RNA sequence: GACCCGUUGGUGAAGUGGUUUAACACGCCACCCUCUCAAGGUGGUAUUCGUGGGUUCGAAACCCAUACGGGUUACCA
């Protein structure tokens with residue numbers, strides 16, 4: 339009996355060869371230097387900000403070089419699969435306008451690209467073709483170690499302070515005669531297929547990572563599992579080898595946590611004589627928790643989930659800007675020089691990326707977002723809130739739909755000027771900042787005139803409304819009217835004079851405008867009062883004064 | 001325990017032997033402007049480069065130790 343018999347026993351249906359596959363997935367015909375990148379999530383949960391960093395980098399590198407960015411669904415761990423996860427990833431990719439050039443959704447009902455299937459569970463035969471080859475070559479073997487046996491190996495290794503894993507004399511089945519292996523399989527024993535490593539832990543090799551530079555590792559000598567017994571699917575490492583080779587990936591962008599797997603991947607690629615892709619190991623996104631710094635976690639940190647940004651209503655461009663600043667810190671300077679360019683025009687450099695973890699700074703995001711929104715047109719802001727409210731605030735959505743022009747006027751306050759007003763950080767706070775402009779919300783509000791005596795307030799408002807308010811006034815005229823009233827009622831119309839001699843007056847123009855402001859909005863802090871009154875219009879102004887009087 | 005990686009302010013960071021008593025941006029503080037708020041303007045804050053030793057005329061930058069932090073060590077990705 340030969341290794342071939344063993345291979346055929348395990349994979350009776352695999353008839354193709356690696357050469358067949360190579361032919362089927364020929365090297366891509368792209369221009370010199372074009373990068374092929376991919377986002378390869380496992381559908382085990384909601385998208386994390388760290389994954390998003392990777393996606394943005396993948397996308398930029400592909401676009402920078404006129405290459406390909408594709409999506410691959412890594413669903414080899416079916417036990418951990420979460421319903422809707424891949425749909426959510428698709429949703430995020432669409433929201434952020436980073437749609438992949440090649441993908442496969444809904445189990446190939448919707449697919450694009452010639453290097454698929456792009457769902458790993460549909461690629462079983464491809465993986466098995468490679469594994470069968472290894473079996474025949476004697477570079478892989480079935481391993482019959484049970485979970486209990488492995489646990490006890492691990493324990494004894496830990497006790498003896500040895501490296502943990504299946505290697506050397508711990509690899510009990512690596513030299514099992516073919517006959518015995520066949521017998522065990524025929525007897526129905528469970529097995530996993532392991533790589534028969536040829537590495538030597540005492541030998542080092544150098545490896546170049548695009549973000550971290552030259553690294554040195556000991557060779558891998560672990561007989562790592564390459565195919566699971568449970569479902570015949572490959573482990574991550576093996577799928578990475580097969581897929582990224584066959585899909586002709588040129589650049590792999592992934593988190594730092596993968597760095598320690600490099601020796602394994604290095605050996606795998608070497609075993610087949612395939613060229614390794616280039617790697618960009620990106621920083622982990624960390625979070626400050628009191629004095630400690632730790633990996634940001636979906637469980638404890640709401641901002642770790644991409645859904646957080648959507649719920650808050652950050653414009654997607656702002657989130658990308660913030661992420662790009664983490665990716666390359668010279669991005670901001672570039673942006674200053676190219677205010678209107680698409681972020682994909684920025685020339686991303688993996689070398690400039692920090693290799694240690696990065697803290698994601700929400701203050702910074704807020705600042706970026708605030709600036710971003712301040713440069714939008716009133717129409718764009720309106721569309722932004724409208725879209726956000728449609729899913730997150732139905733009531734507000736209806737109101738917005740009812741008053742498009744009016745709403746846009748509100749968003750236009752101090753907007754069309756060289757240095758626009760910056761008070762909206764995200765769409766969800768627009769309502770908090772403008773609700774009083776809408777009668778629907780205003781009608782239930784209550785007043786608080788603070789320390790001002792009620793009689794004085796009534797008198798002042800009456801006077802103002804009857805004698806000084808002119809709907810058609812320009813801003814200057816409007817302001818002069820208020821000043822006149824100040825003089826008449828014994829309030830200082832000039833702040834300098836008031837500060838020099840406060841006892842001479844009942845109060846100042848600040849008090850007067852404040853009272854008017856509160857009567858019209860119930861708030862003591864609003865944007866420019868003149869603009870507010872103009873937008874409210876004479877009817878609302880009258881109603882609001884009357885409501886109070 | 002083993003193997004890797006990292007360590008510049010409150011945050012992201014620039015920086016690869018001398019123009020650095022460390023750029024820029026965010027934050028924070030003060031003042032100015034001002035009908036409040038926001039914005040804007042001006043100024044300020046803070047790192048002496050984890051620590052110790054060495055190399056050098058000269059180090060944040062090079063070397064060696066050490067501490068600390070992080071990652072990996074699954075039939076999870």
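In the numbering used here, the protein residues as written are 339 to 887. Virtual Cβ for every residue (Gly too), placed ideally from N, Cα, C. This structure is a prediction, so every number in the text was calculated from the model and none was measured.
* **Helix, strand or coil at residue 552 according to DSSP, with G and I counted as helix** => In the first chain, counting from the first residue as 1, residue 552 sits at position 214. Three-state result, residue 552: strand.
Mind the definition here: the segment 661-680 touches the segment 723-740 only if three or more C-beta pairs lie below 8 Å; say whether that holds. no
> Does DSSP put residue 818 in a helix, a strand or coil?
Replying inline: The residue you call residue 818 lines up with position 480 of the first chain. In the structure shown, residue 818 sits in a helix (DSSP, three-state: H, G or I).
Contact check, residue 772 vs residue 577 under 8 Å by CB: the rounded distance? To locate residue 772, count along the first chain from 1; it is residue 434. To locate residue 577, count along the first chain from 1; it is residue 239. Between residue 577 and residue 772 the Cβ distance is about 51 Å, and since that is not below 8 Å, they are no contact.
Which ranges would you report for the alpha helix (DSSP H) in the segment 595-629 if only whole runs of at least 4 residues count? 600-610
CA-to-CA distance, residue 461 to residue 446, given in whole angstroms
Translated into the one-based positions of the first chain, residue 446 becomes position 108. Translated into the one-based positions of the first chain, residue 461 becomes position 123. Approximately 12 Å between the Cα atoms of the pair.
Contact under 9 Å by Cβ, residue 541 with residue 556
Along the first chain, one-based indexing puts residue 541 at 203. Along the first chain, one-based indexing puts residue 556 at 218. Closer than 9 Å, so yes.
Between 533, 859, 612 and 634, which has its C-alpha nearest residue 782's C-alpha?
Here residue 782 refers to the residue found at position 444 of the first chain. Closest option to residue 782, Cα to Cα, is 859.
Next item on the list: Alpha carbon to alpha carbon, how far is residue 566 from residue 498? Give it in angstroms, no decimals.
Entry: The residue given as residue 498 occupies position 160 in the first chain. The residue given as residue 566 occupies position 228 in the first chain. Going by the C-alpha atoms only, they are around 28 Å apart.
Backbone secondary structure at residue 678 - three-state DSSP
Here the question's residue 678 lines up with position 340 in the first chain. In the structure shown, residue 678 sits in coil (DSSP, three-state: anything other than H, G, I, E or B).
Q. Is it buried or exposed for residue 569, if we count other Cβ within 10 angstroms and need 16 for buried?
A. Here residue 569 refers to the residue found at position 231 of the first chain. Result: exposed.
Rounded to a whole number of angstroms, what is the C-alpha to C-alpha distance between residue 538 and residue 685?
Against the first chain, residue 538 aligns to sequence position 200. Against the first chain, residue 685 aligns to sequence position 347. Straight-line Cα distance between these residues: approximately 40 Å.
_Short Cβ contact (9 Å threshold) for residue 618 with residue 547_ = Counting from 1 along the first chain, the entry for residue 618 is found at position 280. Counting from 1 along the first chain, the entry for residue 547 is found at position 209. Their beta carbons are under 9 Å apart, which means residue 618 touches residue 547 by this criterion.
Just how far apart, CA to CA, sit residue 914 and residue 386?
-> Because the chain spans 339 through 887 in this model, residue 914 falls outside it and cannot be assessed.
Item to complete: With a 10 Å radius around its C-beta and 16 neighbouring C-beta atoms as the bar for buried, classify residue 713 as buried or exposed.
Response: Locating residue 713 in the first chain gives position 375, counting from the first residue. Classification for residue 713: exposed.
Could you tell me the alpha carbon to alpha carbon distance between residue 730 and residue 653, rounded to whole angstroms?
Within the first chain, the letter at position 392 stands for residue 730. Within the first chain, the letter at position 315 stands for residue 653. Taking the straight line joining both Cα atoms gives about 14 Å.
Inset, instruction - In the DSSP assignment, find the beta strand (DSSP E) that holds residue 382 and state where it starts and stops. - result: Taking the first residue of the first chain as 1, we reach residue 382 at position 44. Counting along the chain, residue 382 falls outside any beta strand (DSSP E), and DSSP gives it neither H nor E.
Check your understanding: What does residue 478 pair with, by DSSP beta-bridge criteria?
Key -> As a first step, residue 478 must be located in the first chain, where it is residue number 140. Note: residue 478 sits in a beta bridge opposite 533.
Residue 522 to residue 512 span [Cα, whole Å]
Position 184 of the first chain, counted from the start, is the residue given in the question as residue 522. Position 174 of the first chain, counted from the start, is the residue given in the question as residue 512. The alpha-carbon atoms of residue 522 and residue 512 are separated by roughly 14 Å.
- Message: Does residue 355 pass the burial test, meaning 16 or more other C-beta atoms within 10 Å, or should it be called exposed?
- Response: Taking the first chain and counting its residues from 1, the one referred to as residue 355 is at position 17. Exposed is the call here.
With DSSP collapsed to three states, give me the class of residue 483. The sequence position of residue 483 within the first chain is 145, counting from 1. It is coil, neither helix nor strand.
| query | What residue range is occupied by the uninterrupted beta strand (DSSP E) comprising residue 563? | reply | If you number the first chain from 1, residue 563 lands on position 225. Run containing residue 563: 563-565, per the beta strand (DSSP E) assignment.
**Asked** Taking Cβ positions, are residue 530 and residue 455 nearer each other than 9 Å?
**Response** Taking the first residue of the first chain as position 1, residue 530 is located at position 192. Taking the first residue of the first chain as position 1, residue 455 is located at position 117. No. Outside cutoff.
Euclidean distance between Cα positions of residue 365 and residue 717: Residue numbering aside, residue 365 sits at position 27 when the first chain is read from its first letter. Residue numbering aside, residue 717 sits at position 379 when the first chain is read from its first letter. In a straight line, the C-alpha of residue 365 is about 46 Å away from that of residue 717.
Original post:
Where residue 450 and residue 701 are concerned, what is the direct C-alpha to C-alpha distance, given to the nearest angstrom?
Top reply: Within the first chain, residue 450 is the residue found at index 112, counting from 1. Within the first chain, residue 701 is the residue found at index 363, counting from 1. Answer to the nearest angstrom: the Cα atoms are 39 Å apart.
Q: Could you pull out every unbroken alpha helix (DSSP H) segment of at least 4 residues lying fully inside the segment 770-847, listed in chain order?
A: 777-780, 792-801, 813-827 and 833-838
Q. If you follow the alpha helix (DSSP H) that residue 719 is part of, which residue opens it and which one closes it?
A. On the first chain, position 381 is the one that residue 719 refers to. Per DSSP, residue 719 belongs to the alpha helix (DSSP H) from 716-730.
Problem - Assumed close pair residue 616, residue 588 - CB separation to whole angstroms, cut-off 8 Å - result: Along the first chain, one-based indexing puts residue 616 at 278. Along the first chain, one-based indexing puts residue 588 at 250. With a Cβ gap of about 6 Å, residue 616 and residue 588 count as contacting.
Give me the DSSP bridge partner(s) of residue 593. Here residue 593 refers to the residue found at position 255 when the first chain is read from its first residue. DSSP output for residue 593 lists 620 as bridge partner(s).
* Run through DSSP, which three-state label would residue 928 get? -> The structure shown has nothing for residue 928, since the chain only spans 339 to 887.
- prompt: By how many angstroms is the C-alpha of residue 474 removed from the C-alpha of residue 502?
  reply: The count along the first chain starts at 1 and reaches residue 502 at position 164. The count along the first chain starts at 1 and reaches residue 474 at position 136. Roughly 28 Å separates the two Cα atoms.
Bounding residues of the beta strand (DSSP E) (the contiguous stretch that carries residue 546): Here residue 546 is taken as the residue at index 208 of the first chain, counted from 1. Run containing residue 546: 542-547, per the beta strand (DSSP E) assignment.
Helix, strand or coil, according to DSSP, for residue 389 in the structure here? The count along the first chain starts at 1 and reaches residue 389 at position 51. Helix, per DSSP.
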